[in-house]
Structure formats: C-alpha cells, structure tokens
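**Student:** Those protein sequence lines, which keep their order, are chains A and B.
What the first sequence shows, in the UniProt record's numbering, is residues 1 to 135, in sequence order.
What the second sequence shows, in the UniProt record's numbering, is residues 1 to 135, in sequence order.
All C-beta atoms, glycine included, are put in the ideal place defined by N, C-alpha and C.
The structure under discussion is supplied below as structure tokens; questions concerning it will follow.
There are 2 protein chains.
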Amino acid sequence: MRIGQLAQLVGVETQTIRFYEQQGLLPPPDRQDNGYRVYTEKHGEWLAFIRRCRILGLSLAEIHELQSYQDDPHQPCTAVNALLDDHISHVRSQITALQALEKQLVSLRASCNDDREVEACGVLAGISEGNMHQQ
Amino acid sequence: MRIGQLAQLVGVETQTIRFYEQQGLLPPPDRQDNGYRVYTEKHGEWLAFIRRCRILGLSLAEIHELQSYQDDPHQPCTAVNALLDDHISHVRSQITALQALEKQLVSLRASCNDDREVEACGVLAGISEGNMHQQ
DNA sequence: ATTGACCTTATAGTAGCTTTATAGTTTTAA
DNA sequence: TTAAAACTATAAAGCTACTATAAGGTCAAT
Numbered sequence: 001m002r003i004g005q006l007a008q009l010v011g012v013e014t015q016t017i018r019f020y021e022q023q024g025l026l027p028p029p030d031r032q033d034n035g036y037r038v039y040t041e042k043h044g045e046w047l048a049f050i051r052r053c054r055i056l057g058l059s060l061a062e063i064h065e066l067q068s069y070q071d072d073p074h075q076p077c078t079a080v081n082a083l084l085d086d087h088i089s090h091v092r093s094q095i096t097a098l099q100a101l102e103k104q105l106v107s108l109r110a111s112c113n114d115d116r117e118v119e120a121c122g123v124l125a126g127i128s129e130g131n132m133h134q135q
Numbered sequence: 001m002r003i004g005q006l007a008q009l010v011g012v013e014t015q016t017i018r019f020y021e022q023q024g025l026l027p028p029p030d031r032q033d034n035g036y037r038v039y040t041e042k043h044g045e046w047l048a049f050i051r052r053c054r055i056l057g058l059s060l061a062e063i064h065e066l067q068s069y070q071d072d073p074h075q076p077c078t079a080v081n082a083l084l085d086d087h088i089s090h091v092r093s094q095i096t097a098l099q100a101l102e103k104q105l106v107s108l109r110a111s112c113n114d115d116r117e118v119e120a121c122g123v124l125a126g127i128s129e130g131n132m133h134q135q
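The following block contains the structure:
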C-alpha cells in the first residue's frame, strides 16, 4: 500500500502521514526500489489510532505517551487513565473559561445598538474603559 | 516612559510590546539618542486596549480591524457590532464542540477502572476500536 | 513522446507570542 | 572608580500541528 492509498483509507493528507513519521508517531515503513513508501495494514491501524486521539483533542506529545504505554502492555493502566483524566479536566476548564468569556462578550454587545457612530460605540467604549472584572 | 515601565504598567513582557509594534498594532514611539523607545500615556491606553481585546479572545487581525474603525470615528459602528457578533458565535460554537468532546471523553473514561494492565485497558481499547460516532 | 497522476525531499507559512543569542547602555553597589 | 546588575537593542529560532509551495523523480497510458 502506497502513501496515497493509506491517506485515502484513513482520511488524511499524505503530508500529514510523512509529518507523523518525522515526528516519531508512525514507524517508518519499508521503501520500494524507487524510494516510495510501502505501508502495511498495521500502519493503517496505527495511523487511525493517532487520528482518533487527535479528534479527542490529545496533543502529539500525549499520543506519544500513550504509545509508550502500549509498548509495555503488562504495566498497570493507571497512567493511561490519569492522562485521560487530566485531559478531561483541561477540556472542562476550557469550557468554563469560554462560558465566562461568552457572558462578557454578550454584555459588551448589549451596550451598543447599531445606530451610532464609531466615536460613540458602546462596544468600543466598553473595551476602552476596561471595566472588565474578569477571572 | 521606557519599555520596561510600560510593560509593568500594562502587565505584559517587553518583547510583546515590540512584537505589537512590529505587527503594526502599536504605533512606533519616539527614540532617545541611544535608541531606547520612549512611550507616552497614550501608548499605555493603546496597549491596554490591545490586551483587553486579546483577553476577549479577539485575534490580532480583528484588533487591527477595530483600530481601523477607530481611525474613522464618524462612520456608523455597525461593523464593530458585526465583528463582535461574529466572535460571539465563534465562541459559542467552540463551547458546543468542547461539550460534545467532554461527553465523549467521559464515556471513554468510564470504560476502564484503574485495575487493569495496559493490554486490557478499556480506554485504549475504546480509542483503538474507533466506535467514535462523532460529528 | 508527452501528459497526468503519483511519489520524493526540503523549505516556508500559519498565530501569537516566547526564547535565545549577541551586544550596547545605564544604574547601582563596593 | 570600576565592576556587576539591570535594562535596552536587534535578529533569529522555537513552539503546535499541520498545510502549502517548490522542484524534481517515477510510472502508466495515450
């Protein structure tokens, strides 16, 4: 299987595959005589694992960490679960921050109707005055 | 006022100030004979405006846009409000996406207690199987 | 023979800074 | 007075996770 087929199979771009290889996330495949990469089905599974981790918002470093656990399959999996717990709490704090931000933005927006000149715009005034008791 | 004092006043690093100047967000100040930048109070206000916009999650490009409106104070402020509306809807869609992600992560996490070997870890199995019916 | 689709590597660009390197200037302490 | 500490300057690289571009080699079909 060449790189284009693998890319289509998993739904990524070929450059992304080369990038993962370069980053040490995907093992380097064998090469044909002409230098073309030849992938196995196992590569497809590895790549799909990486993509699903990315969809879950894990960083490449975190994926690397998960892979290192997989290399040692008889260890207890507490570290895996801890990684996920950390990620969940990270996502939750992002949500909280964004919700606070939304509130702030909506209240700022409410300070202006559209029928003013820039000079008198409530939004710009709100930002400039800086009564942003955030955090 | 030199760059260090301005930085302390507004609560940013000196490099950030130089960066904003380079990006055209902060007007270049006068220089002393030795080349040191000399800032006015007005620079402090401009910089504070930029920082508050950043805290609100606006991109440098959006800040640039707001500044261009401020340069033309007798235009109607509809564009300012539209920019904020766009940003609010952007923030809202981020929140929605993160909430869906959190759900997915929590359910994945529930598939494993800590008392297993990596080989049998429910979390890793969940990612590998890829029954992630997302989006 | 040449077009088109595919593959290769290397390099630069994205956002918003932060870090590092190297060097000159000013202030302060001994 | 001098030497160190603290400040300033510029330029360039690093960060994340790719994406895009350039310049070229390979292969099948026409």
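Expressed to the nearest angstrom, what Euclidean distance is found between the alpha-carbon atoms of A:I3 and A:R37?
**Tutor:** As a position in the first sequence, residue 3 of chain A is number 3, starting the count at 1. As a position in the first sequence, residue 37 of chain A is number 37, starting the count at 1. One C-alpha to the other measures close to 6 Å.
**Student:** Quick check on the DSSP output: the alpha helix (DSSP H) that includes B:V12 runs from which residue to which?
**Tutor:** The residue labelled residue 12 of chain B in the question sits at position 12 within the second sequence. Per DSSP, B:V12 belongs to no alpha helix (DSSP H) and is neither H nor E.
**Student:** Find the residues of chain B that neighbour A:V106, judging by a C-beta separation of less than 7 Å, and give them in chain order.
**Tutor:** In the first sequence, counting from the first residue as 1, residue 106 of chain A sits at position 106. Correct list: I88.
**Student:** Does the contact criterion of 3 or more C-beta pairs under 8 Å hold for the region 110 to 127 of chain A versus the region 74 to 83 of chain B?
**Tutor:** yes
**Student:** Let me confirm a value: B:Y106 is counted as buried when at least 16 other C-beta atoms fall within 10 Å, else exposed. Which label applies?
**Tutor:** Position 106 of the second sequence, counted from the start, is the residue given in the question as residue 106 of chain B. Looking at the sequence provided, one finds Val at residue 106 of chain B rather than Tyr. So B:V106 counts as exposed.
**Student:** Compare the C-beta of A:P76 with all C-beta atoms of chain B and state if any pair is closer than 8 Å.
**Tutor:** Taking the first residue of the first sequence as 1, we reach residue 76 of chain A at position 76. Chain B contact via Cβ: present.
**Student:** Given this structure, state the Cα-to-Cα distance separating A:T16 from A:N113, to the nearest angstrom.
**Tutor:** On the first sequence, residue 16 of chain A is found 16 positions in, with the first residue counted as 1. On the first sequence, residue 113 of chain A is found 113 positions in, with the first residue counted as 1. In this structure, the alpha-carbon of A:T16 lies about 46 Å from that of A:N113.
**Student:** Taking the alpha-carbon positions, what's the B:Y69 to A:E119 distance?
**Tutor:** Start at 1 with the first residue of the second sequence, and residue 69 of chain B comes out as number 69. Start at 1 with the first residue of the first sequence, and residue 119 of chain A comes out as number 119. Roughly 9 Å between the two C-alpha positions.
**Student:** Taking CB distances under 8 Å as the criterion, tell me whether A:A48 reaches chain B.
**Tutor:** For the purposes of this step, residue 48 of chain A is taken as the residue at position 48 of the first sequence. A:A48 counts as touching chain B.
**Student:** Run down chain A in chain order and give the residues with a C-beta less than 7 Å from the C-beta of B:Q94.
**Tutor:** Here residue 94 of chain B refers to the residue found at position 94 when the second sequence is read from its first residue. Contacts between B:Q94 and chain A, judged by CB atoms closer than 7 Å, involve L98 in chain order.
**Student:** Starting from the N-terminal side, write out each stretch of the alpha helix (DSSP H) that is 4 residues or longer and does not extend beyond the region 74 to 123 of chain B.
**Tutor:** Secondary structure in the region 74 to 123 of chain B: the alpha helix (DSSP H) runs of 4 residues or longer, each lying completely within the stretch, are 78 to 110 in chain order.
**Student:** Of the residues A:D71, A:A110, A:Q99 and A:R54, which one's Cα is nearest the Cα of residue 164 of chain A?
**Tutor:** The requested residue 164 of chain A does not occur in the structure, where chain A is confined to residues 1 to 135.
**Student:** Could you work out which residues of chain A lie near B:R109, taking near to mean beta carbons separated by less than 8 Å?
**Tutor:** Here residue 109 of chain B refers to the residue found at position 109 when the second sequence is read from its first residue. In chain order: N81, L84, D85 and I88.
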